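Everything in the sequence shown is counted per the working numbering, starting at 1347 for the first residue and increasing by one.
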Amino acid sequence: MLGRKERDQLELYMCGSLRDLVPDDHILVKVDRVLDLSWLHEEVAELYAAGFGRPGIDPEVAVRLMLAGFLLGIVHDRRLMREPQVNIAIRWFIGFGLHEVLPDHSSLTRIRQRWG
């Protein structure tokens, strides 16, 4: 019998972790197993003014985004910020849930400029 898949999905309900959806052999999973960025906040703290401006992107998220872009061949910040909208592996790798709004691409560009 010919089947037909209904495609109108009004809402998404998910139990579990995004990690459950990413294969164990994915490059971002392999990197996450060995990546330790516990030192990063202290290293870049002096580059930020406390109490001024809008809240910044977590430095670990920024590094993870840049690393994902490098590993997946995404070189432009606009595309790098668009990709996690459809790529669950990147969204999981940077620690964002499906419901969370991703940072604007300009924030990532400014971080690159600030950090050098």
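Beta carbons are placed, not taken as given, at the ideal position from N, Cα and C, and that holds for glycine. For clarity, every value in this text was computed on a predicted model and none was experimentally measured.
Could you have a look at L1386 and say whether DSSP puts it in helix, strand or coil? Helix.
Please check the pair L1383 and M1427, which I expect to be a contact at CB under 8 Å, by giving their CB distance rounded to whole angstroms. L1383 to M1427, Cβ: 19 Å. No contact.
Which whole runs of the alpha helix (DSSP H) in the stretch 1389 to 1449 are 4 residues long or more, in chain order? Within the stretch 1389 to 1449, the complete alpha helix (DSSP H) runs of at least 4 residues are 1405 to 1418, 1423 to 1428, 1434 to 1440.
When the Cα of L1444 is compared with those of L1386, E1392, L1364, E1352, which residue comes out closest? It is L1364.
Would you mind reading off the limits of the alpha helix (DSSP H) that contains D1378? Boundaries of the alpha helix (DSSP H) around D1378: 1373 to 1380.
Look up R1460 in the DSSP assignment and say whether it is helix, strand or coil. Note: R1460 maps to helix in three-state DSSP.
Decide if F1439 is buried, meaning its Cβ has at least 16 other Cβ atoms within 10 Å, or exposed. Classification of F1439: buried, given that the 10 Å Cβ count is 16 or more.
Using only CA atoms, which one of Q1431, H1422, A1414, P1369 lies nearest to D1446? This sequence places Glu at residue 1446; Asp is not what is there. Between E1446 and the set Q1431, H1422, A1414, P1369, the nearest pair of CA atoms involves Q1431.
Quick check: the stretch 1362 to 1378 against the stretch 1400 to 1418, are at least 3 beta-carbon pairs closer than 8 Å? Touching, per the Cβ criterion.
Closest Cα partner of I1457 within the set F1442, E1406, G1419: Taking each of F1442, E1406, G1419 in turn and checking the Cα distance to I1457, the smallest one comes out for E1406.
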